[in-house]
Amino acid sequence: MNFTTQTSVVSGMSMARPALLCALVLACSHAARKDVTPALAAEAPEAAAQEAAAPGAPPLTAPEMIEHILSRTTFGARPEDRLRAQSVGIAAFVEEQLHPERLDDALLEQKLQRFDLLREGPDALVQKLVEQRQMRKRAAMVEDAPPPPDGGEPQEPMRNGSLKRDAISQLAQAKLMRAVFSRRQLKEVMTDFWFNHFNVFAGKHEEAALLPDYEQNVIRAHALGSFPELLEATAHSPAMLIYLDNWRSAVPRPGAKQNRGINENYARELLELHTLGVDGGYTQEDVVEVARCFTGWTVAEPRTNPHFVFRPAVHDFGSKVVLGRLIPPGRGEEDAKQVLHVLAAHPATARFIAQKLARRFVSDEPPDALVDRVAVTYLRTAGDIRSMLRTLFESPEFWSRTALRAKVRSPLELVAASLRALDAAVDDPQALARVVARIGEPLYAAQAPTGYPDRAQTWLTSGALLARIDFGLQLANGKVPGTRLDLAPLQAATAEETVQKVAARLGATELSEKTRAYILEELRRSPAPPDLVPARAVGLLLGAPELQRR
2 MNFTTQTSVV SGMSMARPAL LCALVLACSH AARKDVTPAL AAEAPEAAAQ
52 EAAAPGAPPL TAPEMIEHIL SRTTFGARPE DRLRAQSVGI AAFVEEQLHP
102 ERLDDALLEQ KLQRFDLLRE GPDALVQKLV EQRQMRKRAA MVEDAPPPPD
152 GGEPQEPMRN GSLKRDAISQ LAQAKLMRAV FSRRQLKEVM TDFWFNHFNV
202 FAGKHEEAAL LPDYEQNVIR AHALGSFPEL LEATAHSPAM LIYLDNWRSA
252 VPRPGAKQNR GINENYAREL LELHTLGVDG GYTQEDVVEV ARCFTGWTVA
302 EPRTNPHFVF RPAVHDFGSK VVLGRLIPPG RGEEDAKQVL HVLAAHPATA
352 RFIAQKLARR FVSDEPPDAL VDRVAVTYLR TAGDIRSMLR TLFESPEFWS
402 RTALRAKVRS PLELVAASLR ALDAAVDDPQ ALARVVARIG EPLYAAQAPT
452 GYPDRAQTWL TSGALLARID FGLQLANGKV PGTRLDLAPL QAATAEETVQ
502 KVAARLGATE LSEKTRAYIL EELRRSPAPP DLVPARAVGL LLGAPELQRR
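Its first residue numbered 2, the sequence shown is counted upward by one per residue in the numbering used here.
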């Protein structure tokens, strides 16, 4: 298929040639795990920035380009990140991040050793959750029991904490530590992106025990690989099957015991949220047919053996038609696999994924032309994620002045970026995880399958803005438990010089005159000893409008 044909297919959302596209995915799925497109050319970012220039909008300067790429490929720039990008060049820096296996992350792994529950397998964690639930029931019975008739001492009730709560807390803390300390920053950015795309709510049933494996071996393992392989991995995941109730889905059999019937939840979200998008051209009948294809895709036993199994006894072996394509009768597990291949190869999926990537890396309303080009790359490379990112990072739209600081930082991004910029030492991230939740993004707690929206209005409520300002002040003044800052290197001879040094460290290359004047006025109004001025400047700047964006 040539580029001209692909572009017309993507723009028109045509359903033509699904068989050819499906074959393309099958043929290239293995290659998609490797580099299937050339590395970024050294001159590509600068050339794209020049191409993006327009009257009244000059090309980004070299410092602006470095801040921009770091704001998109990392959770925030550390001083050494700027030095690295300056030293090797932007294109080479991006290629390093696109190949995380080449970056040593031993320091992070050492920091993650404290999270003992995350090292447990899903079997052991589920068993512990079930045992604790049973112990709590027995403890409740003891508390409700009448006193012993002989006047003896009543049995001491159980007072231990919640394993489920602890597991979710460790997940959130580990996510923060990865965002702050991993050298494989783009991989962590993409892990966050894909987890949100394939969201699973930690509070449902035993999901807290399944999420460590889901995030590590499903999402993170495929974060920079092949979208079709990532899609299939999520479809097989017990965490997803339980979250969207597909493990209960079974062909209706009159008279059978525990006849639950077909459940459409996973089928609907697979079409609407995971692949085609709400405007992807599917119908309610397609939802029903996809649900029939996925009957029998279940979990051996959620509370004792949480692993994927296919149960022929509850599968619908009849023929189905999905998006106009016949699914032959009598095949079993292959029905759903064929559906996944058809969906992964569909032009609507290509455009839906391209749009979400462009929204994450460029702006809330990315240009259609850019989305179309990324979708073409998706189809040409069978959904290779690295290749789509290269298309973004070499595009004029990415390097345009309108894309600079066009995205509002999520609470996780704000906290991680602040810690990275200030080279914070984090001895215990529990308080930081609570801060992220208080600002508006409790990690792993998005209940809806949509995850958290990737748009500015999600994060800019009045209450959230006040919480952001409070976080900056608390962090700067050493009031966040478990986190330490060394701000002495930011001290300067005058308040103006201190503000300039702090702004540069935080990546605020261009402070507005209004912001600068306000901060200097606050520093003058309440004079502080010279060694405390950096902390005051940091606290004020972290709450400034410029620092809420990336």
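Using N, Cα and C, we set each Cβ at its ideal position, and we do this for glycine too.
Being a predicted model, the structure only gives us computed values, none of them experimental.
- The continuous beta strand (DSSP E) containing R326 extends over residues R326 to I328.
- For the pair A359 and M191, the Cα-to-Cα distance works out to about 13 angstroms.
- In this model, R551 and H316 are separated by some 48 angstroms (Cα to Cα).
- Fewer than three beta-carbon pairs drawn from the stretch 398 to 409 and the stretch 419 to 436 are found closer than 8 angstroms, and the two stretches are therefore not classed as touching.
- Taking C-alpha positions only, R304 is separated from H347 by approximately 36 angstroms.
- In the three-state DSSP reduction, W400 falls in the coil class, being neither helix nor strand.
- Contact check for F199 and I220: beta-carbon distance about 7 angstroms, within the 8 angstroms limit, so the pair qualifies.
- Under the three-state reduction of DSSP, R551 is assigned to coil, being neither helix nor strand.
- Assignment of N306 by DSSP, reduced to helix, strand and coil, places it in the strand class.
- In this structure, the straight-line span from the alpha carbon of V300 to that of L212 is close to 15 angstroms.
- Residues L130 and A209 of the same chain have their beta carbon placed closer than 7 angstroms to that of K165, with the five preceding and five following residues left out of the count.
- Positions of the alpha helix (DSSP H) runs, each at least 4 residues long and wholly inside the stretch 216 to 302, are given as 228 to 237, 239 to 244, 266 to 270 and 285 to 294 in order along the chain.
- Between the alpha carbons of L423 and T484 lies a gap of roughly 11 angstroms.
- Between the alpha carbons of D455 and F196 lies a distance of about 13 angstroms.
- Distance from the CA atom of R254 to the CA atom of V322, rounded to whole angstroms, is 21 angstroms.
- Shown here, T484 sits in a strand according to DSSP, grouped into three states.
- One thing to note: R469 has its Cβ no nearer than 9 angstroms to the Cβ of L491.
- Put simply, of T62, A180 and E65 the residue whose alpha carbon is nearest the alpha carbon of L113 is A180.
- For K321, the enclosing beta strand (DSSP E) starts and ends at K321 to V323.
- Here DSSP, grouped into helix, strand and coil, assigns V37 to coil.
- The Cβ atoms of G77 and A418 sit closer than 9 angstroms to each other.
- Each residue's CA atom was taken as its position, placing S250 and F295 some 8 angstroms apart.
- Counting along the chain, S513 sits inside no alpha helix (DSSP H), nor does DSSP assign it H or E at all.
- Secondary structure remark: continuous alpha helix (DSSP H) runs of at least 4 residues inside the stretch 400 to 428, in chain order: 412 to 422.
- In this structure, DSSP gives A78 a state outside helix and strand, which the three-state scheme calls coil.
- Around the beta-carbon of P46, 16 or more other beta-carbon atoms lie within 10 Å, marking it buried.
- A straight line joining the alpha-carbon of A107 with that of R312 spans about 42 angstroms.
- Nearest to D246 by C-alpha distance, out of H206, D280, L231 and E273, is H206.
- Nearest neighbour of I386 by Cα position, chosen from A314, V409, E230 and A438, turns out to be E230.
- Nearest in C-alpha terms to P307, of all of Q475, L242 and L474, is L242.
- Taking C-beta separations shorter than 7 angstroms and ignoring five residues to either side along the sequence, P530 has no partners in its chain.
- In this structure, the alpha-carbon of S388 lies about 53 angstroms from that of S527.
- According to the DSSP assignment, L461 belongs to no alpha helix (DSSP H), since it is labelled neither H nor E.
- Cβ-Cβ distances below 6 angstroms link D336 to C294 and I328 in the same chain, with the five nearest sequence neighbours on each side left out; the list follows chain order.
- Residue H237 holds the alpha-carbon nearest to the alpha-carbon of E334 among H237, D287, H223 and P64.
- Excluding residues up to 5 positions away in sequence, A432 and Q475 lie with their Cβ nearer than 6 angstroms to the Cβ of V481 in the same chain.
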